[in-house]
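J.:
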Amino acid sequence: MGRGKIVIRRIDNSTSRQVTFSKRKKGLITKTKELAILCDAEVGLVIFSSTGKLYEFAISSMKSVVERYNSLKEEHQQFLNPSLEDKFWQRKTAILRQQVQDLQGNHRGEQLYGLRVEELQNLENKLEMSLKGVRMKKERILTDEIQELSRRGNLIHQENLELCRKVNLILKENRELYNKECGILLYTRALRP
23 MGRGKIVIRR
33 IDNSTSRQVT
43 FSKRKKGLIT
53 KTKELAILCD
63 AEVGLVIFSS
73 TGKLYEFAIS
83 SMKSVVERYN
93 SLKEEHQQFL
103 NPSLEDKFWQ
113 RKTAILRQQV
123 QDLQGNHRGE
133 QLYGLRVEEL
143 QNLENKLEMS
153 LKGVRMKKER
163 ILTDEIQELS
173 RRGNLIHQEN
183 LELCRKVNLI
193 LKENRELYNK
203 ECGILLYTRA
213 LRP
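Counted the way the working numbering counts, the sequence shown spans residues 23 to 215.
1) When DSSP labels each residue in this structure, what does glutamate 64 get in the three-state scheme?
2) Going by DSSP, what residues sit across from glutamate 78 in a beta bridge?
3) Mapping the DSSP letters down to three states, classify serine 44 as helix, strand or coil.
4) To the nearest angstrom, how far is it from the Cα of glutamine 40 to the Cα of isoleucine 33?
5) Could you check the C-alpha separation between glutamate 161 and leucine 193 for me, to the nearest Å?
6) Is the Cβ-Cβ distance between alanine 58 and valine 65 less than 8 Å?
7) Beta-carbon within less than 6 Å of leucine 149's beta-carbon, same chain only, minus the 5 sequence neighbours each way: which residues are those?
8) State buried or exposed for valine 87, treating a residue as buried only when at least 16 other CB atoms are found within 10 Å of its CB.
9) For isoleucine 59, which of helix, strand or coil comes out of DSSP?
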C-alpha cells in the first residue's frame, strides 16, 4: 500500500524542520549523484539552510559548473540582443589578446631562443588550446544559430502552407459563387420571353 499524499507547507517545529531538511538534503544529493553518473551530466547543486549555511555538490567542481552556466547564459542572451553578441566577441578577443600578451611577456623576441624544446612545446600547446577553445565556442554558437534559423524556417514554411491552403479554399469558393451566378443568369434569361 502506497503512502498518502503529504501537504507541502512550512514545518512549525524547528527540530522536525531540521530533521526533514537533513533527510531531504541527503536525498537531493543522492539524486544529483545518480543523475550525473547515469546520464553523464554535469550537475551542480547549491543549498542554503534556513540558518544560511551553504551546502554544495558537483561531480567535477562547482566552479566549473558555475562558469559553464554563466558562459552559456551569456551565449543565450547574445541571441536575444545582437549588440550583446558583439560585446561577447569583444570580451573574448580581449581575453585572448591578454593571454597572448602574457605568453609574449614571458617569451619576447630573443628570449625564445633560450627556451628548451619542452618549454617551446608547452607554449605552443597553450596557444593551440586557447585557439581550440575559441573555435569550439564559436562553432557551438553558430550551430545553435543555425538550428534556430532552421526552426524559424520550418515555422515560416508551415505558415506558407496554411496560407496556400486558405487561398485555394477562397479560390474554390469564388469559382463556386461564379458558377452559381452564371447558372442564375442563364436561368433568368431562359425565363424571359
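Every residue gets a Cβ at the ideal spot worked out from N, C-alpha and C, and that includes glycine.
T.: In short:
1) Position 42 of the sequence shown, counting from 1, holds the residue named residue 64. Here glutamate 64 sits in coil by DSSP.
2) By one-based count along the sequence shown, residue 78 stands at place 56. Beta-bridge pairing links glutamate 78 to Val68.
3) Translated into positions along the sequence shown, residue 44 becomes position 22. The answer is helix: DSSP assigns serine 44 an H, G or I state.
4) For the purposes of this step, residue 40 is identified with residue 18 of the sequence shown, where counting begins at 1. For the purposes of this step, residue 33 is identified with residue 11 of the sequence shown, where counting begins at 1. Straight-line Cα distance between these residues: approximately 9 Å.
5) For the purposes of this step, residue 161 is taken as the residue at position 139 of the sequence shown. For the purposes of this step, residue 193 is taken as the residue at position 171 of the sequence shown. Roughly 47 Å separates the two Cα atoms.
6) Position 36 of the sequence shown, counted from the first residue, corresponds to residue 58. Position 43 of the sequence shown, counted from the first residue, corresponds to residue 65. Yes; because the gap between Cβ atoms is below 8 Å, this pair is in contact.
7) Reading the sequence shown from its first residue, position 127 is the one you call residue 149. No residues qualify anywhere along the chain.
8) Stepping through the sequence shown from its first residue, residue 87 is reached at position 65. Burial of valine 87 is indicated by the presence of at least 16 other C-beta atoms within 10 angstroms of its C-beta.
9) Within the sequence shown, numbered from 1, the residue matching residue 59 stands at position 37. If DSSP states are grouped into helix, strand and coil, isoleucine 59 belongs with the helices.
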